[in-house]
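**Q** These protein sequence lines map, in sequence, to chains A and B.
Counting with our numbering, you get residues 4 to 118 for the letters of the first sequence.
Counting with our numbering, you get residues 161 to 271 for the letters of the second sequence.
A virtual CB, placed ideally from N, CA and C, is assigned to each residue, including glycine.
Note that the structure is predicted; figures quoted are calculated from it, not measured.
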Amino acid sequence: EPEVTQTPSHQVTQMGQEVILRCVPISNHLYFYWYRQILGQKVEFLVSFYNNEISEKSEIFDDQFSVERPDGSNFTLKIRSTKLEDSAMYFCASSGGTGIYNEQFFGPGTRLTVL
Amino acid sequence: DQQVKQNSPSLSVQEGRISILNCDYTNSMFDYFLWYKKYPAEGPTFLISISSIKDKNEDGRFTVFLNKSAKHLSLHIVPSQPGDSAVYFCAADQGAQKLVFGQGTRLTINP
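1) Does the segment 82 to 93 of chain A touch the segment 37 to 48 of chain A, meaning 3 or more C-beta pairs lie closer than 8 Å?
2) Name, please, each residue of chain A whose Cβ falls closer than 7 Å to the Cβ of Ala256/B.
3) Rounding to the nearest angstrom, what Cα-Cα distance links Ser170/B and Asp74/A in this structure?
4) Between the alpha carbons of Gln166/B and Val117/A, how many angstroms are there, rounded?
5) In whole angstroms, give me the CA-to-CA distance for Ile63/A and Ser69/A.
6) Assuming the contact rule is C-beta atoms closer than 8 Å, Tyr192/B and Phe249/B should be a hit. Round their C-beta distance to whole Å, please.
7) Taking any Cβ of chain B, which residues in the segment 40 to 53 of chain A have a Cβ under 7 Å from it, in chain order?
8) By Cβ distance, which residues of its chain are closer than 6 Å to Asp66/A, with the 5 residues on each side in sequence left out?
9) When DSSP labels each residue in this structure, what does Asp89/A get in the three-state scheme?
Shown next as structure tokens:
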């Protein structure tokens with residue numbers, strides 16, 4: 004069964020460093036997303052991406068964040084200068100259809116620890 | 161931001177019985193709802209969804225009920241199995257492809 008994959012599973016970085024989290028969405032999907040979950044809190048939407056551009060973003064997704072689909076398979080989230088409060092699980096998701104509502108399928112997550 | 165609320169942080173049910181997980185929402189613009197299941201160290205796994213034009217959707221042991229006037233939905237699992245023990249998240253969408261999640265309910269199925 005096709006699935007969303009994410010690398011690395013755990014990333015440790017120093018405050019102020021740049022990190023890139025990588026995702027391979029399900030191959031025929033058209034919409035891509037990033038969510039995060041700070042320990043003990045809700046899963047929160049960060050950004051959605053369609054047709055090579057951002058379609059929605061939350062207030063969390065400020066200028067320190069960017070997304071890219073560098074080739075036909077990868078989808079990346081970059082945090083330019085990490086802060087302690089960026090420590091969280093980051094989930095990539097993708098959805099397939101062209102309808103208004105489509106189930107989103109999530110990857111296993113990358114645990115980001117900022118020291 | 162409490163647009164989607166799951167008021168029970170945990171629920172314990174005996175194997176074979178029915179599990180009922182509840183979710184309330186405040187934003188009347190939400191018109192598509194999903195349930196996800198999450199095991200530790202894994203991402204959320206899609207279970208079942210319902211659009212606002214329906215009041216019930218069933219898939220095997222899982223049924224989701226939607227009461228739009230009460231802004232309430234529930235997930236019924238019957239019969240409950242030990243493998244159902246996980247955290248269950250309710251999520252809502254208003255057509256923006258942006259899911260809003262509840263806090264989750266930890267379901268424990270006791271043998």
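**A** Taking the structure as given:
1) yes
2) Glu59
3) 42 Å
4) 30 Å
5) 12 Å
6) Between Phe249/B and Tyr192/B the Cβ distance is about 15 Å, and since that is not below 8 Å, they are no contact.
7) Lys45, Val46, Phe48 and Ser51
8) none
9) helix
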